[in-house]
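Residue numbers (my numbering): 1 to 308.
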């Protein structure tokens, strides 16, 4: 009798320990994955979902039908961001030890081989989801950009980095729209112009990492043009962006009262970035300025709801 009770208790204890071990594994994996992507969610996931919602709004479908599309879109753009982050951090460990010390490889939470396995698995998952959603061509384009920027080392020179990030913006916006409906010529014109403008000022993301980039020989925009030169160029760029947006996107659509709030908002935010990039010069301030620049990108994507 007592022996049977002891066996039952042992089994229960074993199951309890097994459950604890699995909970620890899941918790650790969630932490590692969060540390991989936490700084890139704002540029990888959020913009894609904004543009997806704009595309959905353009066809006036029932709101309830948006939820499954939004769930699939979230998974797609998570994998889109994850595949880039893991590859980028695998190739940039030395620089991250200066600029981003909390990343998993820098903290020793996983090995290089562990990161490589996660990257390969995420590429497969990303491809499958892209195929399922009917956006495999944009999935493939982004994967080619990732390989070029990281394994191909084209991300160490600012012209090629900006070019491939511009292609990445096209892949992001095109996938977001095509998940919902086909892309016509008008939408293509809008997507291409926004991607070109973004690639012209994307160097703002590298201001806060200048120290690490200099130490590792990465010739980003701020490294090539110097601290003062790059800030002046970016300031001028963000001062002129509202004019480019107005002439290239808003006027052809027929400027009206619906577009006015978007035009004012994007101009104020863009000029705010231009002011900050000159007046506030520290790694922390530069990261905040970059987030403000992302807010400008969100507004531009949102303005498509009044244009497309």
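No residue lacks a Cβ here, since even glycine has one placed at the ideal position from N, Cα and C.
Task: Min CB distance residue 55 to chain C below 8 angstroms - done: Absent from the structure: chain C. Only one protein chain is present.
TODO: Would you mind reading off the limits of the alpha helix (DSSP H) that contains residue 90?
DONE: Taken as a continuous stretch (DSSP letters only), the alpha helix (DSSP H) holding residue 90 covers 66–91.
Open item on the list: Distance check for residue 170 and residue 259, CA to CA, integer angstroms please.
Closed with: Note on geometry: alpha-carbon atoms of residue 259 and residue 170 lie some 23 angstroms from one another.
TODO: Write down the C-beta distance between residue 166 and residue 148 rounded to the nearest angstrom, noting that I regard them as a contact closer than 8 angstroms.
DONE: In this structure, residue 166 and residue 148 do not form a Cβ contact; the two beta carbons are roughly 12 angstroms apart against a cut-off of 8 angstroms.
Open item on the list: Between 111, 141 and 201, which has its C-alpha nearest residue 349's C-alpha?
Closed with: Absent from the model: residue 349. The displayed extent of the chain is 1 to 308, so no value can be given.
Open item on the list: Here's the rule: buried if 16 or more other CB atoms are within 10 angstroms of the residue's CB, otherwise exposed. What is residue 112?
Closed with: So residue 112 ends up on the exposed side.
Task: Top-ranked residue by Cα proximity to residue 161, from 32, 218 and 291 - done: Ranked by how close their Cα comes to the Cα of residue 161, the residues 32, 218 and 291 have 218 in first place.
- [ ] Assign residue 284 to buried or exposed, taking buried as 16 or more other Cβ atoms, counted over all protein chains shown, within 10 Å of its Cβ.
- [x] Residue environment: residue 284 is assigned as exposed (fewer than 16 neighbouring CB atoms within 10 Å of its CB, all protein chains considered).
Task: Endpoints, the alpha helix (DSSP H) within which residue 114 is located - done: Per DSSP, the continuous alpha helix (DSSP H) segment holding residue 114 begins and ends at 112–133.
- [ ] Identify which residue in 192, 208, 102 and 187 has its Cα closest to the Cα of residue 31.
- [x] Comparing Cα positions, the closest option is 102.
Open item on the list: For residue 90 and residue 108, I'd like the C-alpha separation in whole angstroms.
Closed with: If I take the Cα positions, the gap works out to 12 angstroms.
TODO: Classify residue 219 as helix, strand or coil using the three-state DSSP reduction.
DONE: Three-state result, residue 219: strand.
Open item on the list: Whole angstroms are fine: how far does the CA of residue 86 sit from the CA of residue 118?
Closed with: Cα to Cα, residue 118 sits roughly 8 angstroms from residue 86.
Open item on the list: Please classify residue 210 as buried or exposed, where buried requires at least 16 neighbouring CB atoms within 10 angstroms.
Closed with: By the neighbour-count criterion, in which a residue is buried when 16 or more other Cβ atoms sit within 10 angstroms of its Cβ, residue 210 is buried.
TODO: Tell me the start and end of each unbroken beta strand (DSSP E) in the region 166–241 that is at least 3 residues and wholly inside, in chain order.
DONE: Look at the region 166–241 and you find no whole run of beta strand (DSSP E) that is 3 residues long or longer.
- [ ] Identify, in the order they occur along the chain, each residue of the same chain with its Cβ nearer than 8 angstroms to the Cβ of residue 215, setting aside the five sequence neighbours on each side.
- [x] Close CB contacts of residue 215 within its chain, under the 8 angstroms cut and outside five residues either way in sequence, are with 94, 95 and 98 (chain order).
TODO: Give the secondary structure of residue 40 by DSSP, where H, G and I count as helix, E and B as strand, and everything else as coil.
DONE: In the structure shown, residue 40 sits in coil (DSSP, three-state: anything other than H, G, I, E or B).
- [ ] Express the C-alpha separation of residue 36 and residue 67 in angstroms, rounding to a whole number.
- [x] Cα to Cα, the separation comes out at about 26 angstroms.
Task: Rounded C-alpha distance that separates residue 302 from residue 65 - done: Each residue's Cα considered, the two are about 20 angstroms apart.
Task: CB contact flag (residue 230, residue 221, <8 angstroms) - done: Less than 8 angstroms separates the beta-carbon of residue 230 from that of residue 221.
Task: For residue 157, the residue or residues it bridges with in DSSP - done: Looking at the DSSP assignment, residue 157 forms a beta bridge with 219.
TODO: Specify, as a first and last residue, the run of the alpha helix (DSSP H) that residue 268 falls within.
DONE: Start and end: 260–279.
- [ ] Inspect the CB distances between the region 245–258 and the region 180–197 and report whether three or more fall short of 8 angstroms.
- [x] Yes, the region 245–258 touches the region 180–197.
- [ ] Could you work out which residue in 179, 294 and 271 is closest to residue 58 when comparing CA atoms only?
- [x] Nearest option by C-alpha distance: 179.
Task: Contact the region 118–137 vs the region 149–158: 3+ CB pairs below 8 angstroms - done: No, they do not touch.
Task: Whole-angstrom distance between residue 75 and residue 44, CA atom to CA atom - done: The straight-line gap from Cα to Cα measures roughly 12 angstroms.
Open item on the list: I need the DSSP call for residue 107, collapsed to helix, strand or coil.
Closed with: In this structure, residue 107 counts as helix in the three-state DSSP scheme.
Open item on the list: Relative to the C-alpha of residue 236, which candidate in 203, 252 and 274 has its C-alpha closest?
Closed with: Just measuring C-alpha positions, the residue of 203, 252 and 274 sitting nearest residue 236 is 274.
- [ ] Identify whether residue 45 lies in helix, strand or coil by the three-state DSSP scheme.
- [x] In this structure, residue 45 counts as coil in the three-state DSSP scheme.
- [ ] In the DSSP assignment, find the unbroken alpha helix (DSSP H) run with residue 63 in it and report its ends.
- [x] Element bounds for residue 63: n/a, residue is neither H nor E.
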